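Chains as they are written, first to last, in full-length UniProt numbering: chain L, 1 to 261; chain U, 1 to 261. Structure record follows, encoded as structure tokens.
2 protein chains.
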Amino acid sequence: MATGRTHRPATRSRGIPEATVARLPLYLRALTALSERSVPTVSSEELATAAGVNSAKLRKDFSYLGSYGTRGVGYDVEYLVYQISRELGLTQDWPVVIVGIGNLGAALANYGGFASRGFRVAALIDADPAQTGKMVAGLPVRHTDELEDIVEHNQVSIGVIATPAGAAQEVCDRLVAAGVTSILNFAPTVLSVPDGVDVRKVDLSIELQILAFHEQRKAGEDLGEAVAAARDTLPKAVAEPVTEPARRPGPDGDVPAVMPA
Amino acid sequence: MATGRTHRPATRSRGIPEATVARLPLYLRALTALSERSVPTVSSEELATAAGVNSAKLRKDFSYLGSYGTRGVGYDVEYLVYQISRELGLTQDWPVVIVGIGNLGAALANYGGFASRGFRVAALIDADPAQTGKMVAGLPVRHTDELEDIVEHNQVSIGVIATPAGAAQEVCDRLVAAGVTSILNFAPTVLSVPDGVDVRKVDLSIELQILAFHEQRKAGEDLGEAVAAARDTLPKAVAEPVTEPARRPGPDGDVPAVMPA
DNA sequence: CCATCTTTGTGCACGCGTTCACAAAGACAT
DNA sequence: ATGTCTTTGTGAACGCGTGCACAAAGATGG
Ligand SMILES: NC(=O)c1ccc[n+]([C@@H]2O[C@H](COP(=O)([O-])OP(=O)(O)OC[C@H]3O[C@@H](n4cnc5c(N)ncnc54)[C@H](O)[C@@H]3O)[C@@H](O)[C@H]2O)c1
Ligand SMILES: NC(=O)c1ccc[n+]([C@@H]2O[C@H](COP(=O)([O-])OP(=O)(O)OC[C@H]3O[C@@H](n4cnc5c(N)ncnc54)[C@H](O)[C@@H]3O)[C@@H](O)[C@H]2O)c1
Chain L
1 MATGRTHRPA TRSRGIPEAT VARLPLYLRA LTALSERSVP TVSSEELATA
51 AGVNSAKLRK DFSYLGSYGT RGVGYDVEYL VYQISRELGL TQDWPVVIVG
101 IGNLGAALAN YGGFASRGFR VAALIDADPA QTGKMVAGLP VRHTDELEDI
151 VEHNQVSIGV IATPAGAAQE VCDRLVAAGV TSILNFAPTV LSVPDGVDVR
201 KVDLSIELQI LAFHEQRKAG EDLGEAVAAA RDTLPKAVAE PVTEPARRPG
251 PDGDVPAVMP A
Chain U
1 MATGRTHRPA TRSRGIPEAT VARLPLYLRA LTALSERSVP TVSSEELATA
51 AGVNSAKLRK DFSYLGSYGT RGVGYDVEYL VYQISRELGL TQDWPVVIVG
101 IGNLGAALAN YGGFASRGFR VAALIDADPA QTGKMVAGLP VRHTDELEDI
151 VEHNQVSIGV IATPAGAAQE VCDRLVAAGV TSILNFAPTV LSVPDGVDVR
201 KVDLSIELQI LAFHEQRKAG EDLGEAVAAA RDTLPKAVAE PVTEPARRPG
251 PDGDVPAVMP A
């Protein structure tokens, strides 16, 4: 998930496993829904179903937080909502800046799911002078020149990058230098950051490619494994059908037609 | 990652590990950049750095695809681009539909990264009659009534859901019934799908919450562990101040403002 | 043709995450 | 109070993913 140095060794003694942390928001969402329906308690089985996970996994996850359940009954919904919120740090307000107010950045700014969990959009930042001053989601777009001031003045520790890939590393460096220590990156680039800074990335293109992989697998299965299997086990030299691009890269490094930039 | 039944047991004999599949697009991106610079070959060390991973991991990943490197030299960039593309199923065209053309859906439709990897947006679909017919990213928005026709006629096997959470499961069901077998879900809901259908989800809110967790950790470390440790080890019964959840869930199922610990 | 040097491919060990399965804890009825 | 019944919390086994470390492969130079 995280790209840069997100190495989290056995530093944290009473550490909650990363996999568990990633599921806590899922549980929280399910619990919030139950809370809104005024459901007082819930069993691990029910909650697990609602969150789309295995009940044993859910119980083990909760066991890292402490013993918050009652045997024979289940978990108190309100109490658990509070405990998970506290563990995730949602009992406090997190100011966030979004850098790059284009198609995606504007959509993010308009997204209601931000504020609903204690994430407050402190500022929208863009380098394009034409954008500067425009109102997006009730906030004025501010110029990149102000980035450092904004971050420091609002005590921003979380930054969202929605600029083109080419600008991402530079924006990242400036955010980090200004004091941001957590970055959510939507640009398709590997960001390098110093130790102590967390980076998480969201990459639509990668998700689609993973889906395509499985999709191809399914299609292959349907029309018999034989073809795929035969091709796959062919020795390297022969594995290429004649229709394939010349294995030796021509004088001009040509990319296969189907795979443009 | 995937939500619904994405259980991929030891079915596939010569199966590529899921973790490896998830990294292939990363390698591909780095290789494409090298290709554009007409770099002929690359070592595992260089490529690993560019992709932001460990070189041993990269070599092991490639070993699942076959032996495509040359010892003492490295990997042929063009050849590797082709092999990974083929493995990921990118040598063919994947028609995609986007359902829910609001803030996010429109941004996705405008995203150039779609077409650049062989993913063709076949149609944009929305339930709002006011949206229908509007042009977004050069395509007309079509009404949900046409969903089944569109999917079947265009042989769409990948669907993107960007509707509000409440509509996501229904849209999902219709997509699946119409023949879609891979879904990328942006709505914050757990989708349930039949076996054989892959679901991947992208949830901004979850990403932010994970960042907040680590952010809280970092902050806690700085001002000494003592406070956090003391609070955490409080017996369960006492951990609950009297001021706490008598909490009838208000109209907003929100988090408590500030909990005295 | 041989020596040297570079880089791959992988055997192995280790740690994390998942799942099973069950003892113990507690609610609830009698 | 006692027994029954439900559900938690967790020990233990297992499988997957990661990273080390090195032998083998092949390029390159003499
Ligand atoms: N639109 C999507 O659905 C989508 C999906 C996945 C990934 N992405 C990625 O997200 C990023 C943004 O996509 P988009 O469609 O919104 O692009 P866009 O071109 O619409 O918006 C980019 C914005 O960033 C601003 N910008 C450029 N350089 C900047 C800098 N140095 N500092 C501050 N702002 C700067 C531009 O002025 C522009 O407003 C891209 O990297 C894209 O690959 C987009
Ligand atoms: N905007 C973001 O940055 C963002 C980020 C994360 C998640 N999300 C999620 O993505 C989804 C869309 O977000 P948004 O900001 O674009 O919302 P939006 O309200 O702007 O757009 C939703 C669109 O879906 C359409 N729609 C509603 N019901 C439909 C149905 N049954 N069939 C087809 N179309 C239907 C609506 O007409 C509307 O155009 C939401 O679930 C949101 O939680 C959005």
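From the three backbone atoms N, C-alpha and C, an ideal C-beta is built for every residue, glycine too. These figures come from a predicted structure and were not determined experimentally.
So what does DSSP say about L:S182, is it helix, strand or coil?
Correct three-state label for L:S182: strand.
Please give me, in chain order, every unbroken run of the alpha helix (DSSP H) with length at least 4 that falls completely inside the region 82 to 118 of chain L.
Qualifying alpha helix (DSSP H) stretches, in chain order: 103 to 110.
State whether the region 81 to 93 of chain L contacts the region 76 to 92 of chain U, with contact taken as three or more CB pairs (one from each stretch) at a distance under 8 Å.
No contact exists between the region 81 to 93 of chain L and the region 76 to 92 of chain U.
Can you say whether U:Q155 is buried or exposed, counting buried as having 16 or more other CB atoms within 10 angstroms of its CB?
Classification for U:Q155: exposed.
When the Cα atoms are used, what is the spatial distance from U:F119 to L:R29?
Their Cα atoms are separated by approximately 32 Å.
Per DSSP, what kind of secondary structure is U:I206 in: helix, strand or coil?
Correct three-state label for U:I206: helix.
What are the partner residues of L:V42, as DSSP defines its beta bridges?
Answer is L:Y75, bridged to L:V42.
So, does the CB of U:V171 fall closer than 8 Å to a CB anywhere in chain L?
Answer no: the Cβ-Cβ gap between U:V171 and chain L never drops below 8 Å.
Have a look at L:V42 and L:L208 and give me their C-alpha separation to the nearest angstrom.
Each residue's Cα considered, the two are about 36 Å apart.
By Cβ distance below 8 Å, which residues in the same chain neighbour U:A167 in space, the five residues on each side in sequence not counted?
Within the same chain, U:A167 has close Cβ partners G100, A127, A187.
Applying a beta-carbon distance threshold of less than 8 Å, which residues of chain L neighbour U:N110?
Chain L residues near U:N110: N103.
Would you call U:A19 buried or exposed, if buried means 16 or more other Cβ atoms sit within 10 Å of its Cβ?
Label assigned to U:A19: exposed.
Verify the contact flag: U:L208, CB atom, against every heavy atom of ligand 2, threshold strictly below 7 Å.
U:L208: no, Cβ never under 7 Å from ligand 2.
Helix, strand or coil for U:I161, going by three-state DSSP, please let me know.
U:I161: strand per DSSP, three-state reduction.
Using the three-state DSSP reduction, which class does U:T70 fall into: helix, strand or coil?
Correct three-state label for U:T70: strand.
Please list the residues of the region 148 to 172 of chain U that have a C-beta atom closer than 7 Å to any C-beta atom in chain L, keeping them in chain order.
If the cut-off is 7 Å between Cβ atoms, the region 148 to 172 of chain U has S157, I158 near chain L.
Using 10 angstroms around the beta-carbon of L:G146, count the other beta-carbons present and answer buried if the total reaches 16, otherwise exposed.
Just to set this straight, residue 146 of chain L is Glu in the shown sequence, not Gly. L:E146 comes out exposed.
With a threshold of 16 other CB atoms inside 10 Å of the CB of U:D149, please say whether the residue is buried or exposed.
So U:D149 counts as exposed.
Rounded to whole angstroms, what is the Cα-Cα separation between L:L98 and L:L26?
For clarity, residue 98 of chain L is Ile in the given sequence; the question names Leu instead. Going by the C-alpha atoms only, they are around 24 Å apart.
Roughly how many angstroms lie between the CA atoms of L:G52 and L:A115, to the nearest whole one?
One C-alpha to the other measures close to 25 Å.
Hey, would you say L:S182 sits closer than 8 Å to U:H143, going by beta carbons?
Their beta carbons are not under 8 Å apart, which means L:S182 does not touch U:H143 by this criterion.
Using a Cβ cut-off of 8 Å, which residues of the region 205 to 218 of chain L contact any Cβ in chain U, in chain order?
Hits within the stretch, in order: S205, I206, E207, L208, Q209, I210, L211, A212, F213, H214, E215, Q216, R217, K218.
List the residues of chain L whose Cβ lies closer than 9 Å to the Cβ of U:F62, in chain order.
Those within 9 Å of U:F62 in chain L number zero; the least Cβ separation is about 12 Å.
What's the C-alpha gap between L:F62 and L:A109?
So the two alpha carbons sit approximately 33 Å from each other.
Are there 16 or more other CB atoms within 10 angstroms of the CB of U:D195, so buried, or fewer, so exposed?
Flag for U:D195 reads exposed.
With a Cβ-Cβ cutoff of 8 Å, do residue 263 of chain U and U:V193 count as a contact?
What is shown of chain U runs 1 to 261, which leaves residue 263 of chain U out entirely.
Looking at the C-beta of U:L184, does it have a partner C-beta in chain L at a distance below 8 Å?
Chain L, which has a Cβ nearer than 8 Å to the Cβ of U:L184, makes this yes.
Hey, L:A107 and U:L104 are a contact pair by Cβ (cut 8 Å); roughly how many whole angstroms apart?
5 Å between Cβ atoms; contact.
For L:P17, go through chain U and note every residue whose CB falls closer than 9 Å to its CB, in chain order.
By Cβ distance, chain U contributes nothing, its closest Cβ being about 12 Å from L:P17, past 9 Å.
Hey, L:L31 and L:V77: beta-carbon distance below 8 Å or not?
Result yes, Cβ atoms of L:L31 and L:V77 sit closer than 8 Å.
Determine whether the beta carbon atoms of L:I158 and U:L58 lie at a separation below 8 Å.
Cβ distance not < 8 Å, so L:I158 and U:L58 don't count as in contact.
Can you tell me which residues form a DSSP beta bridge with L:I125?
For L:I125, which the question treats as bridged, DSSP gives the partners L:V99, L:R142.
Please look up how many angstroms separate the CB atoms of U:V96 and U:V136, rounded, as I've assumed it's under 8 Å.
Wrong, their Cβ atoms sit about 14 Å apart, outside the cutoff.
Check each candidate in L:S44, L:T70, L:R71, L:A50 and name the one with the smallest Cα separation from L:K60.
The shortest Cα separation from L:K60 among L:S44, L:T70, L:R71, L:A50 belongs to L:S44.
Could you tell me whether any Cβ in chain L is nearer than 8 Å to the Cβ of U:D198?
Yes, U:D198 lies at the interface with chain L (some Cβ there is under 8 Å from its Cβ).
Is the Cβ-Cβ distance between U:E152 and U:G179 less than 8 Å?
Yes, these two residues count as a Cβ contact at 8 Å.
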